[in-house]
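Asks: Residue numbers (this note's numbering): 11 to 128.
Positions of the beta carbon are idealized from the N, C-alpha and C atoms, including for glycine.
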Amino acid sequence: AVLDVGYCFFGASRSVDFSAINKGGVGRFIIMDKARWESNDREPVSPVKSGPFTITPTFLDVAQGDDFSISVSFTPTRIGQHETSVLLICDNCQMKELQIRGNCCAASVQIESVDERA
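Pasting the structure below:
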């Protein structure tokens with residue numbers, strides 16, 4: 011799954027809430043940065059930070075049919091596309107990789123005339 015935060019101006023921040031419904035059974039979940047997980051650094055941190063993205067909540071307890079949301083804040087430090095991966099890990103040891111994507115752009119304004127004079 012891809013969580014696309016969209017566009018953000020350089021020097022700004024953008025937050026987006028992504029909603030989902032638990033179509034499985036009751037479960038407890040933790041969100042972890044994939045790079046930390048792969049390096050065996052499995053100590054949970056709150057909030058989860060991965061590159062220019064901050065993800066909350068770190069822990070989710072959801073019943074069957076519950077809707078929940080994951081909030082992603084994007085604070086880029088360079089222009090261009092940014093991507094990272096986090097893992098949604100269930101207490102039954104199943105994992106789902108979530109890719110997070112955002113694009114940082116700079117405003118470019120050029121004055122072509124003032125008071126109709128070129």
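Report yes or no: do three or more beta-carbon pairs, one from the segment 77-92 and one from the segment 111-123, lie closer than 8 Å?
Replies: Enough Cβ pairs lie closer than 8 Å, so yes.
Asks: My parser needs the beta strand (DSSP E) runs of 3 or more residues fully inside the segment 32-56; what are they?
Replies: Fully enclosed beta strand (DSSP E) runs of 3 or longer: 37-43.
Asks: Write down the C-beta distance between residue 79 and residue 27 rounded to the nearest angstrom, noting that I regard them as a contact closer than 8 Å.
Replies: In the sequence shown, the residue the question calls residue 79 occupies position 69. In the sequence shown, the residue the question calls residue 27 occupies position 17. Their Cβ separation, rounded to whole angstroms, is 5 Å, which keeps residue 79 and residue 27 in contact under 8 Å.
Asks: For residue 134, I'd like the list of residues in its chain whose CB is within less than 7 Å of its CB, leaving aside the five on either flank, ordered along the chain.
Replies: Outside the displayed span of the chain (11 to 128) sits residue 134, for which this structure offers no information.
Asks: Among the candidates 126, 76 and 101, whose CA atom is the shortest distance from the CA of residue 31?
Replies: By 1-based counting over the sequence shown, the position of residue 31 is 21. Among 126, 76 and 101, the Cα nearest to that of residue 31 is on 76.
Asks: Between which two residues does the beta strand (DSSP E) holding residue 111 run?
Replies: Taking the sequence shown and counting its residues from 1, the one referred to as residue 111 is at position 101. Note, residue 111: beta strand (DSSP E), 105-115.
Asks: Residue 57 and residue 66 look like a contact to me (Cβ under 8 Å); what is the Cβ gap, rounded to whole Å?
Replies: On the sequence shown, residue 57 is found 47 positions in, with the first residue counted as 1. On the sequence shown, residue 66 is found 56 positions in, with the first residue counted as 1. Rounded, the Cβ-Cβ distance is 5 Å, consistent with contact.
Asks: Starting from the Cα of residue 21, find the closest Cα among 45, 62, 47 and 35 and give me that residue.
Replies: For the purposes of this step, residue 21 is identified with residue 11 of the sequence shown, where counting begins at 1. The shortest C-alpha separation from residue 21 is found at 62.
Asks: Return the residue from the list 120, 82, 96 and 121 that minimises the CA-CA distance to residue 48.
Replies: Numbered from its first residue, the sequence shown carries residue 48 at position 38. Minimum Cα distance to residue 48 is reached at 96.
Asks: Could you give the DSSP three-state label for residue 90: helix, strand or coil?
Replies: By 1-based counting over the sequence shown, the position of residue 90 is 80. Three-state DSSP puts residue 90 in a strand.
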